Structures are given as structure tokens and as C-alpha cells.
Amino acid sequence: MESFEYLLFVIAVFILSLAIGFVVGYRTKLRMAEAESIRLGKTHAELNAAAKREAEEIVKEARLEAKEIIFKGRQDLEKDAKEKRKEISQLERKLDMRDETLDKKQQNLALKEEQLEKHYLEYENKVKEVLALSQKNEEIKDSLLLEVEKVAAMTREEAKRTLIDQMVDEAKNDSARRIKEIEEEIKEESEKRARSIISTAIQRCAPEYVGEISVTVVNLPSEEMKGRIIGREGRNIRAFEAVTGVDIIVDDTPEAVILSSYDPYRREIGRLTLEKLIADGRIHPARIEELFDKSSKELDKQIKETGDEAVFQLGLHNINQEIVKLIGRLRYRTSYGQNVLGHSLEVAKIAGFMAAELGMNEKLAKRAGLLHDIGKAVDYEQEGSHTSIGVGLAKRYKEDWRVINAIAAHHGEEEFKCIEAVLVQAADAISASRPGARREVLESYIKRLEKLEEVASSFDGVTRTFAIQAGREVRIIVEPEKVSDEAIINLSRDISRKVEQELTYPGQIKVTVIRESRAVNYAK
72 MESFEYLLFV
82 IAVFILSLAI
92 GFVVGYRTKL
102 RMAEAESIRL
112 GKTHAELNAA
122 AKREAEEIVK
132 EARLEAKEII
142 FKGRQDLEKD
152 AKEKRKEISQ
162 LERKLDMRDE
172 TLDKKQQNLA
182 LKEEQLEKHY
192 LEYENKVKEV
202 LALSQKNEEI
212 KDSLLLEVEK
222 VAAMTREEAK
232 RTLIDQMVDE
242 AKNDSARRIK
252 EIEEEIKEES
262 EKRARSIIST
272 AIQRCAPEYV
282 GEISVTVVNL
292 PSEEMKGRII
302 GREGRNIRAF
312 EAVTGVDIIV
322 DDTPEAVILS
332 SYDPYRREIG
342 RLTLEKLIAD
352 GRIHPARIEE
362 LFDKSSKELD
372 KQIKETGDEA
382 VFQLGLHNIN
392 QEIVKLIGRL
402 RYRTSYGQNV
412 LGHSLEVAKI
422 AGFMAAELGM
432 NEKLAKRAGL
442 LHDIGKAVDY
452 EQEGSHTSIG
462 VGLAKRYKED
472 WRVINAIAAH
482 HGEEEFKCIE
492 AVLVQAADAI
502 SASRPGARRE
512 VLESYIKRLE
522 KLEEVASSFD
532 GVTRTFAIQA
542 GREVRIIVEP
552 EKVSDEAIIN
562 LSRDISRKVE
572 QELTYPGQIK
582 VTVIRESRAV
592 NYAK
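Counted from 1, the sequence shown has number 258 at position 187 by my numbering; the numbering is strictly sequential.
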């Protein structure tokens, strides 16, 4: 209310100042009007009347503005007062609730204090009873000892030593017998537990197995497409096989051709290239090379996505992106007919299940299982076994020492230093040895083709080699700057002789050396 009275005082002073200003202005205008009337010849009465009217209008407007200001100020004050009263009432309610809560807490504390005092009294009474019973037992014990000494004609110390010796001998015999029983029970129980853990892990994993094949079927929109793939005088099909290293089999199968190659990675690039050629419709050697490069880049991207999917499927994190790419490359690697990526995922899951059953680190066991064969992603590019290569990769990308030990020890090349390594070896054996998992024949066939390409690549001037026609033919592409047209005849003969000396194979192998020169220019 004091602020409201102060506001009214300010408004009154403001209005008084306006009135004084108006009067001063009125007089000034009056003088000016008189001078102007004299100058213009107007009458004093007219000017005076006009000035009065103007002054009255100004005063009237000032009064209206003052009333409006007073009304708004009163409304603001009432609004502020209402909000203050509301806040005060809310605070009062909160304080009332706190008081009620404190009262309840005090009542609970009082009840607890009474219960504690009651328990304490009961405890004191029981302690007194126990002390009394203990004293009575001591008296009975002393009396019994005196009677025993009289009957046995032995002192207390002699009887104690005799009794202790007998008890020690009996305890030794009982403990030895019990230890033997416990060892047998533990051995039997551990075997049962191990069988249970392994069988549970296999049942929880139980993946379907699909044998790896060395051919891929590509569907065609029409039979007419076969002729376009072959090209005039076989130009297109020869160019495709030379660029991709994949053999195209065109047979009587309706609206389909077969791509044949022992290398899944090379076969997949060939499939992507052929599908792009079919979709594009322009099939000629230059277009084949262009789409081959595009398909290679596309497959590299798919490999990264495959690695990410495998890591995500196992719920693993913080794996180096280079390792993820290598994991994706395992999809296009086989071992005894078993896909290495599928095998690695299976080992990771089985090792993780066993670790969970044993209360070990499940994620670490999965990580070690997934990476145990990571060296197979690049073992054809580097010297050494896939185990040593995998250990080097794991160390380079700073994997956990237990993961490194699992990679190094899963074929017995190093001692086990952690339980995760043991679990990975067991999971690897389970995945590899179950019926239908691997095929020795396919593996030996693939190794023979790899050796065939390796022998052909060992000669100077050779850029690329492709084993095709199920190993019955090897095509060698040479650098035209290093090998002349006359030299390719001798090169073909030398490669044939080396193949005969170093390889064992059924039938015969056709050795084809290809030398191609190109001249490229651009019209601008």
C-alpha cells in the first residue's frame, strides 16, 4: 500500500508539472499571439479564445492519461499482491507437510528406541544365563577330570597327550580317505560339468552348415544374352576371363551361365561384373575392364560392411577398423571347404557360451574366438603360418594379451596363459570336427590351384595368373615391355616344365601366355 500511495504522489506531481507547463506555455503563446495579432491585424479576443480551447484540450488529455496510469498501476499492484499471497499459501502448505513428516519420523524413532531398549534387556539376561551355564560346565568338567585321573591312574597332562595323539591319527586317516573321495568326486563332477558346458554351447550355437562350392550361377534375362556374353568369335568371353580370372561356363542351362573359380573373392568380383554388364547391355572388352574396377571397389565396401555386421552380431566394441576389414575378407576365404568367417563366428559364439557357463569374461572369449583365424585373411600375401601372421596383426592393432595368446595357442604352437585361450582351442576343435564341417578333397583341390598360380607367377615379366577350367588351364598375362612375342613361346614351355616337375595332377594342364599391347590417346 505504501508503494501505491507513493505512485499516486508521483502522478500528482507529474500532473501539477504539466499544468504549470501549460500555463507558462499559454502565457507565452498569448504574448506571441498578441504580437502576431498586432502584426496581422487580428483581434486579441479571438486569439485568447483559441488559446483557452487548446489549453483545455491539453489539460483534459493529461487528466485522462493520469487516470489511465493510476488504473494500470493499481491493477499491477493488485496482481503482485495476489501472486505474493499465492506463494505464501504454498509455502504454508509445504511447511505444514514438513511438520507432519517430522512428527511421523519422531514417532517412529520413539518406537525404535523402545524396541532397542527391550532387545538390549533381553540380550543382557541371555548373557547372564550363558555365563552361569559356562561356569557350571567348568565345574562339571573339573570334577569329571578328577574322576578320570583316579580311574586311569594317569595325570591330566598324560591323558591329554594320549587323547590328542589318538585324535591326530584318526584325523589323518579320515582326512586322507576324505581327500581321495573328494578328488574322485571332483574329477567325476568336472567331467560331467565340462560335457554339460560343451553340449550346452553346441546346442545354443547349432548353426546350419553349407558346404562351400567353387561355382556361381548367374541368371540371364534371355537366351539371347548368352551370345552377347560370348561375343564375336569369343572376344567378350576371353576378355572377361582374362580380366577377372574367372571361367564362364555357357551350357544348355536355360537363361543362366556358370562362373567357376576356386577363389571365392575373385568369383564374387566376376559375378558383380557380369551382372553389371547384363544390366548395362554394353558388353565389350573396354566396358568389361571398367566394370571390373568398379565391382572391385564395390566388393571392398561390402567387405567392410560384412566385418561391421559380424562385430555387431557378437556385441563387440572398440575393434580397430583395419581388423574389421580383415574380418570381412574372411567371408571370401575357405579352409577345408569351410567358410572361415562362418567358422570364426561359430568359434566366437561357442567360446562365449562356455565362458558364460564358467562365469568368465564372455565378451573377451568371443573377441578371441572371432580373431583366432584372422591371419588367414592375408596369409596368401605374407610369409609364415596364419597363426604367426594373426599374432602380428593383433599386436600391431594393440589387442588384449589374452586375445593374442588365444590366437597363438589355438593350434598348440604356444602355451596357454589364460582360460580364454583354452576355451578358444576347444571351440575351434568343436567347430572344425563336427560332421560335415570340412572337406579334405576340396581343400587339396584349392591348394593345387593356388600352387599352380604360384608356379606360373614365379617367372619374370608375369603380371597376373589365373587357374581356370577346374585347374586344367592356367592363363598368364605378361608385361609387353619385358616379354616379346617371340619370348612368350619359350615362357610357355618353361612354365609347363616347371608345373610338370613341382605339381601332381590328373590329366594335363594347358598353359596359355597372353601378351597384349595397347595404344591410348584422347580426342579433345
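Note that CB positions come from ideal geometry on N, CA and C, so glycine has one too.
Since the model is a prediction, treat every value here as computed from it, not as a measurement.
Item: Burial state of N410 (16 or more Cβ within 10 Å); Value: buried
Item: Residue from L412, V584 and K375 whose Cα sits closest to the Cα of P551; Value: V584
Item: Coil, strand or helix - R546 by DSSP; Value: strand
Item: Exposure label - F383; buried when at least 16 CB within 10 Å; Value: exposed
Item: Nonlocal neighbours in the same chain, by C-beta distance under 7 Å from N196, ignoring five residues either side; Value: none
Item: Integer-rounded CB distance, given that V289 should sit under 8 Å from F363; Value: That pair is no contact at about 15 Å.
Item: In DSSP terms, what A327 is bridged to; Value: N290
Item: Same chain, Cβ closer than 6 Å to K581, neighbours up to 5 away in sequence not counted; Value: E544
Item: Nearest-angstrom beta carbon gap, A436 and L494 [assumed within contact, 8 Å]; Value: 5 Å
Item: Bounding residues of the alpha helix (DSSP H) (the contiguous stretch that carries V418); Value: V411 to L429
Item: Whether Y478 touches A465 by CB criterion (7 Å); Value: One detail in the question is off: residue 478 reads as Ile in this sequence, not Tyr. A contact, by the Cβ cut-off of 7 Å.
Item: R535 - partner residues in DSSP beta bridges; Value: I548
Item: Cβ-based neighbour list, V512, same chain, cut-off 7 Å, excluding 5 preceding and 5 following; Value: Residue placement at V512 is flagged as unreliable, the pLDDT there being 48, under the threshold of 50; a coordinate-derived value is accordingly withheld.
Item: Distance cut-off 6 Å: Q146 Cβ against heavy atoms of the ligand MN; Value: As for the ligand MN, it is missing from this structure, which has no ligand bound.
Item: Residue of G144, F93 and E136 minimising C-alpha distance to E125; Value: F93
Item: A422 versus E433 - alpha carbon distance; Value: 8 Å
Item: CA-to-CA distance, G144 to A133, given in whole angstroms; Value: 16 Å
Item: Range covered by the beta strand (DSSP E) that runs through K581; Value: K581 to I585
Item: At least three beta-carbon pairs within less than 8 Å, the stretch 384–392 to the stretch 320–333; Value: no
Item: G352 classed as buried or exposed, judged by whether at least 16 other C-beta atoms fall within 10 angstroms; Value: exposed
Item: Start-to-end residues for the alpha helix (DSSP H) that takes in I320; Value: Where I320 is concerned, there is no enclosing alpha helix (DSSP H), although the beta strand (DSSP E) it sits in stretches over D318 to I320.
Item: Three or more C-beta pairs below 8 Å linking the stretch 338–352 and the stretch 559–578; Value: no
Item: Through-space distance from D379 to I390, alpha-carbon basis; Value: 10 Å
Item: Distance between I517 and K469 (C-alpha atoms, nearest Å); Value: 33 Å
Item: S529 in three-state terms, based on DSSP; Value: coil
Item: Residue(s) in a DSSP beta bridge with T405; Value: N410
Item: Rounded straight-line distance, which links the Cα of L441 to that of R519; Value: 28 Å
Item: Integer Cβ distance of L562 from V570, believed to fall under 8 Å; Value: With a Cβ gap of about 13 Å, L562 and V570 do not count as contacting.
Item: Collapsed DSSP secondary structure at F487 in the structure displayed; Value: coil
Item: Within 7 Å, strictly: CB atoms of L321 and R338; Value: Residue 321 is actually Val in this sequence, not Leu. Taking 7 Å as the Cβ cut-off, V321 and R338 do not qualify as a contacting pair.
Item: First through last residue of the alpha helix (DSSP H) which encompasses Q384; Value: P356 to L385
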